[in-house]
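Everything below concerns the one structure shown next.
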Amino acid sequence: MPSCSFPTHYSTLSAFRMFSNSSNFFGISSLLKDQATLRDTERQRAKRISLRKESLPVGLHVNSGVFRKLTAEPTLKSAVDLRLSSLSLQNDVHLDIAICPHQYTADPTLAWEMLKEKRPVKPVRQMKLDTPIKPDHVRFVCIGCTHGVKLDPSILPLGDVLLVAGDFTTCGLPNEVHSFNKKLGQLKHAYKVVIAGNHECTFDDSFLRASNREVEAKEMALKQALQASLASAKVTSSKSLLTNAIYLEDSVIELFGITIYGTPWQPRVDNWAFNLPRGQALLDKWNNIPSGVDVLLTHSPPLGHGDQMADGQRMGCVELLNSVSKRIKPKYHVFSHIHEGYGCTSDGYTKFINCCICDENLQPNNSPIIFDIPVHPHTKQFYLQNIKKVMKRKSRKTMMGPRIWLWTPSTDEDGLKVATEVGPSSTTHCYVEKLQCS
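Position one of the sequence shown corresponds to residue 1 (UniProt numbering), numbered consecutively onward.
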């Protein structure tokens, strides 16, 4: 009998609920003192409220920096209260869900035959690439599996956030990464968020460290060539060459009040980078993903969505599917890896996006895929005006969950706009830190 695993992370969204419901919004001491009472009160409120999550305004749960401004407007106050109440219910339920490895995890095609009757997969029409960008919406542009194909700024649609779902090189050579990074710097997207794929071999330290006894001669020759290329480029990892992007590896970033979690792992095939055995090993990685993130960026597809090969076989991960549909419940799940699976589907709540640019013949015949998430106009304006400030903090990590950036319509003593960064530390305490933005 396979063992079940519980996610061990601390819910930052729970931390936000405590902040936003506290009588002293920025008071740490009073917050910590009353958090037990707040938790009990929130659970009682959640039981009294029955509200479908899809009817809620997306983004309000993380755009809390405008909380005081929003609640000052009667038309928006009720929406904020409802969103907070739904978060109480959502986190109380999802954090205690245990996902077990499926009995047929090693045979995804068979596993899908057993699950497909109860797992809806509905085709979704893609947004037109020339759709105008609204001032109160964040435009995401999704690409993946470009395999070294140069990005043409004239073809790539404009947007606020570019999501790259891995495999942007052929094998992760430093010169490939350098060229890709240079192209990213030429794009006009405010933020570029990148994860690695199985082809980014120089990003996976464990792949390069494999000993002679663990690999075949051909594979060892590749590893030695990659290590030589890193030495020639005078870098220990090609990750350091991505200076024009936010690189995520089992980590989270918050942009425009929207949480984005990125992870590169996928089921083992031919011993490429970031490969893990199906079952518990991969499930341990999925358990690191916080419940309630808005956008999940993975290289691997979940089982049943954008994972079917030309021969009809399924390649997705059943544990990823169960984690996404039962616990994480992102609004959008973006991935690549399986070139034949390009397109969009939905299970009724999460929209699944396979954004492979190259088809099964490695030809760049697929278009980028875009989607919008509504946010408060002031939040969007803040992030567009302070790109450099936010990018400087991209390398800062929290131990147990994502940061939440809060915009407040106020100024400090020097007349500068004030943003506030809220997140959990390595203990159960929370911190509040001011960022002054000119």
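Yeah, the Cβ is synthetic: ideal placement off N, Cα and C, and Gly gets one too.
Distances from the CA of THR131 to each of VAL141, LYS122, VAL124 were compared; the closest alpha carbon is that of VAL141.
Between GLU117 and SER336, the alpha-carbon positions lie close to 24 angstroms from each other. The criterion of a C-beta distance shorter than 8 angstroms is not satisfied by GLY306 and GLY257. Excluding five sequence positions before and after GLN313, the CB atoms of its chain that fall closer than 6 angstroms to its own CB belong to THR109, given in chain order. For LYS331, the number of other beta carbons within 10 angstroms of its own is at least 16, and it is reported as buried.
Within the same chain, no residue comes within 6 angstroms of ASN271 by CB-CB distance, once the 5 residues on both sides are set aside. Distance between LEU276 and VAL295, taken at the CA atoms: about 23 angstroms.
Cβ neighbours of ASN244 within its own chain (closer than 6 angstroms, five residues either side excluded): ASN181, LEU184, GLY185. In this structure, ILE369 and CYS344 form a Cβ contact; the two beta carbons are roughly 7 angstroms apart against a cut-off of 8 angstroms.
Pairing GLN227 with LEU208 gives a Cβ-Cβ distance under 8 angstroms. With respect to SER346, VAL161 sits apart: the two C-beta atoms are not nearer than 8 angstroms. By the Cβ neighbour-count rule, LYS192 is buried, with 16 or more other Cβ atoms within 10 Å of its own. Excluding sequence positions up to five before and after THR105, its CB lies within less than 6 angstroms of the CB of ARG278, GLY279, VAL318, all in the same chain and listed in chain order. Rounded to the nearest angstrom, the gap between the Cα atoms of THR259 and ALA231 is 36 angstroms. Annotated three-state conformation of GLU219 is helix, per DSSP. Going by DSSP, THR236 is part of no beta strand (DSSP E) at all; its letter is neither H nor E. In the same chain as TRP286, and ignoring 5 residues on each side of it, the C-beta atoms closer than 7 angstroms to its own belong to GLU319, LEU320, SER323, in chain order. Judged by DSSP in its simplified three-state form, GLY306 adopts coil rather than helix or strand.
ASP204 sits buried, since 16 or more C-beta atoms from the chains shown fall within 10 Å of its C-beta.
In the DSSP annotation of this structure, the continuous segment of the alpha helix (DSSP H) that includes ASP284 starts and ends at 280-286. When the five nearest sequence neighbours on each side are left out, the beta carbons in the same chain lying within less than 7 angstroms of the beta carbon of PRO120 are those of ASP347, GLY348, in order along the chain. Sequence-distant partners of THR298 (beyond 5 residues in either direction) whose C-beta falls short of 6 angstroms from its own C-beta, in its chain, are THR263, PHE335. Beta-bridge partners assigned by DSSP to CYS356: GLY144.
In the structure shown, THR131 falls within a coil segment according to DSSP collapsed to helix, strand and coil. The C-alpha of ARG139 is placed about 12 angstroms away from the C-alpha of LEU384. Contact between PHE274 and ALA225 is absent: CB atoms are separated by about 19 angstroms, not below the 8 angstroms threshold. In the structure shown, the three-state DSSP call for ILE289 is coil. If you look at SER346, you'll find it in the beta strand (DSSP E) that goes 343-346. Between VAL194 and TYR247, the C-beta gap is smaller than 8 angstroms, which places the two residues in contact. Excluding residues up to 5 positions away in sequence, SER179, LYS183 lie with their Cβ nearer than 8 angstroms to the Cβ of LYS150 in the same chain. With a threshold of 16 other beta carbon atoms within 10 Å, SER325 meets it and is buried. Residue pairing by DSSP puts PRO123 in a beta bridge opposite THR345. In the assembly as shown, ASN386 is a buried residue. Its beta-carbon has 16 or more other beta-carbons within 10 Å. Residue environment for ALA217: exposed (fewer than 16 other C-beta atoms within 10 angstroms of its C-beta). Pairing TRP265 with LEU283 gives a Cβ-Cβ distance that is not under 8 angstroms. Contact between LEU187 and LEU156 is confirmed by a C-beta separation of about 7 angstroms, below the 8 angstroms threshold.
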